[in-house]
Structure formats: structure tokens, C-alpha cells
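Protein chains in written order, with the numbering used here: chain A, 6 to 116; chain Y, 3 to 116.
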């Protein structure tokens, strides 16, 4: 069935290092992928998205990579800062309005 | 401020109570959603509205009753809830109800059912 999962429930990185958060999806028909960030006491906030006709997309300090061959999605955060500490969700859309969310990865940034 | 406002932020209710959650979006969007977020579980879609018309009821028990009086407001009426209904209830909106639309979330209502 459809599922979006994350390889690691928690990730701890040193401030200034790069972070990589991974996500696997199972539905090869998914054509739109989104990363959300959820800070404590807040709802998820959009970070970056990518469509299935792309392999890579860059934003400010963030890059999303899509490997359709192995159905893998990753979020790279450059020069991780304390403000990046949060739970990160990958999500997929298989067409229509339903967005399927992964379980989330908690990122800890050590000063 | 994300543009989506939810009240109350916290709610404690007994199993026999009736309460309502409110959501208001200031983004001019046409679609609104209710999601449930439980500990250690992915976000679960509950209801979807497009231009005040319900287009999805994702097998949600009838003790949850949504209401969308206009495209800016969304309510979730609660009655005779169970302790397992304790969760963070998130409202979201999107510009249109089509594929490839990112969601804008409110901060949620943390609900505890005693």
C-alpha cells in the first residue's frame, strides 16, 4: 500500500555541519513531494517541494534530492543552525488532493 | 503568524462534553482541511472542504462533526469523545483543491480527553 517512511527517527548534528534527512516512499505513481518543518508548539511549515520530473531542487540553505529509481527522497540542510532543530516530515502526493505524510525525523542541533 | 489561526490552543474535556475547535484562514484559499496528529504517528487526514463543500470524510467516527460556513472558517464539533481521541488537531488550507498544492497549517489545538 501507499506509505511514506523515514529511515531514522532522530538525527543529531553539530552546529555548522550539514544535515541530511532521508525518506523512502513506496508509491511509484507519486508525482509531487514536499518537506515540512514542525517546531515545538507549531504546525508543520512548508520548506521545499519537488515534482517527479526533477531530480534536485535548491532553496535557501536547503536542497531536496529525488531518486525515483529507488523511491528515495532526501533533504539536505547546509550549515545547520540551532533554529533548524525541529521535526521534519516528508510528504507525497499521488494525484488529487490527498497528501500522505511520513512519520517524521527529529533533528537536534548541538551547539 | 502562518495565516491560519486555530482556537483554542489547548482543550481539556470530559468524555460527555461537547466542544468545538475553530479555524480561520486569512490567505484567501479555497480549500481547508482537518488533520489529526498523534504521538509517533503520521498526520492523518480527517476532512477536506472545497468552497464550503465537504469532499472527503476519511472514515472519521461520527463523534467528530465538521462545519464549513464559508471558505475562511472551519469548525470541528466534538461530542462524546474517547481518551484515544487525545491528540493535536491541525487545520490547514491550500489555494485550490488540486494536486501538487502545498498546505498551510495552523498551530493546532492540543486536545486532552479525560
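Think of the CB as a built atom: it goes at the ideal place given N, C-alpha and C, for glycine as much as any other residue.
In this text the structure is predicted, and so the values were computed from the model without any measurement.
A contact is defined here as three or more CB-CB pairs under 8 Å, and the segment 76 to 83 of chain Y meets this definition with respect to the segment 21 to 33 of chain Y. Listed along chain A are 102, 103, each with a C-beta nearer than 9 Å to that of residue 50 (chain Y).
Taking a beta-carbon distance threshold of 8 Å, residue 76 (chain A) does not count as an interface residue toward chain Y. Residue 107 (chain Y) sits away from residue 109 (chain A), with the two beta carbons spaced by 8 Å or more. Check the Cα spacing between residue 94 (chain A) and each of A:87, A:40, A:113, A:75: the tightest is with A:40. By the 16-neighbour rule on beta-carbons within 10 angstroms, residue 84 (chain A) is exposed.
With contacts defined as CB atoms closer than 8 Å, residue 102 (chain Y) and residue 98 (chain A) qualify as a contacting pair. The segment 27 to 38 of chain Y makes contact with the segment 85 to 102 of chain Y; the number of CB pairs closer than 8 Å reaches 3 or more. If you ignore the 5 residues before and after residue 111 (chain A), its C-beta comes within less than 6 Å of the C-beta of 15, 92, all in its own chain and listed in chain order. For the set A:67, A:72, A:90, A:30, the Cα lying nearest the Cα of residue 80 (chain A) is the one of A:67. Taking C-beta separations shorter than 8 Å and ignoring five residues to either side along the sequence, the partners of residue 105 (chain Y) in its chain run 35, 94, 95, 96, following chain order. Distances from the CA of residue 54 (chain A) to each of A:71, A:45, A:44 were compared; the closest alpha carbon is that of A:71.
In this structure, the alpha-carbon of residue 6 (chain Y) lies about 32 Å from that of residue 116 (chain A).
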